[in-house]
């Protein structure tokens with residue numbers, strides 16, 4: 274997916290779902306930020322603590338495998354239902370990490386986000402759920 278969906282369509286859907294303009298902006302921005310969040314940074318909180326962000330995208334696919342697994346499996350290529358008929362290839366084989374559209378696990382994560390009042394989490398969960406459709410049958 275790209276910014277046209279993760280930002281603009283997400284914002285349109287949020288507005289149509291009844292969110293206010295500023296709320297829809299937070300949801301859409303958070304959804305798109307999953308793809309834009311590729312640089313580490315630290316900030317000092319008002320309490321004097323150091324916050325380090327969690328990278329959700331890398332522009333360098335030659336990074337160590339462990340780092341790629343942490344980024345891509347969690348945010349972009351969420352493993353789906355391995356026993357689903359949609360996880361089967363034409364030759365009948367399957368892979369445990371195959372992305373399946375709107376898998377039960379993805380739906381559960383999205384539902385959990387909807388039960389909070391955290392609009393940022395809702396945007397991130399929206400990104401993950403929509404990526405299960407656009408990246409279906411891919412192994413991250």
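Residue numbers (our numbering): 274 to 413.
Just so it is clear, CB atoms sit at the ideal spot from N, CA and C, and this is done for glycine as well.
Exercise for the section: Apply the 10 Å Cβ neighbour rule to residue 301 and answer buried if 16 or more other Cβ atoms are within range, or exposed otherwise. Expected result: For this step, residue 301 is matched to residue 28 along the chain shown. The residue in question, residue 301, is buried, as its Cβ has 16 or more Cβ neighbours within 10 Å.
Handout entry: Distance between beta carbons of residue 331 and residue 372, contact taken as under 8 angstroms
Key = Residue 372 sits at position 99 when you count from the first residue of the chain shown. Residue 331 sits at position 58 when you count from the first residue of the chain shown. Contact check for residue 372 and residue 331: beta-carbon distance about 18 angstroms, past the 8 angstroms limit, so the pair fails to qualify.
Handout entry: residue 353 versus residue 377 - alpha carbon distance
Key = As a position in the chain shown, residue 353 is number 80, starting the count at 1. As a position in the chain shown, residue 377 is number 104, starting the count at 1. Spanning the two alpha carbons is a distance of roughly 7 angstroms.
Practice task
Under the assumption that residue 409 contacts residue 361 (Cβ atoms under 8 angstroms), give the Cβ distance between them as a whole number of angstroms.
Solution key: Position 136 of the chain shown, counting from 1, holds the residue named residue 409. Position 88 of the chain shown, counting from 1, holds the residue named residue 361. Rounded, the Cβ-Cβ distance is 12 angstroms, inconsistent with contact.
Practice task
Compare the beta carbon distance of residue 328 and residue 392 with 7 angstroms and say whether it is the shorter of the two.
Solution key: Your numbering for residue 328 matches position 55 in the chain shown. Your numbering for residue 392 matches position 119 in the chain shown. Not a contact, by the Cβ cut-off of 7 angstroms.
Handout entry: Residues of its chain near residue 308, where Cβ-Cβ distance is below 7 angstroms and the 5 sequence neighbours each way are ignored
Key = For the purposes of this step, residue 308 is taken as residue 35 along the chain shown, with counting starting at 1. Take residue 308, set aside five residues on each side of it, and the residues of its chain with a beta-carbon closer than 7 angstroms to its own are 279 and 330, in chain order.
Practice task
Output the boundary residues of the beta strand (DSSP E) element that contains residue 243.
Solution key: This structure does not reach residue 243, given that the chain is present from 274 up to 413, and the question cannot be answered.
Problem - residue 399 beta carbon less than 7 angstroms from that of residue 283 - result: Start at 1 with the first residue of the chain shown, and residue 283 comes out as number 10. Start at 1 with the first residue of the chain shown, and residue 399 comes out as number 126. Cβ atoms of residue 283 and residue 399: closer than 7 angstroms.
Exercise for the section: Identify whether residue 330 lies in helix, strand or coil by the three-state DSSP scheme. Expected result: Numbered from 1 along the chain shown, position 57 holds the residue referred to as residue 330. Residue 330: coil per DSSP, three-state reduction.
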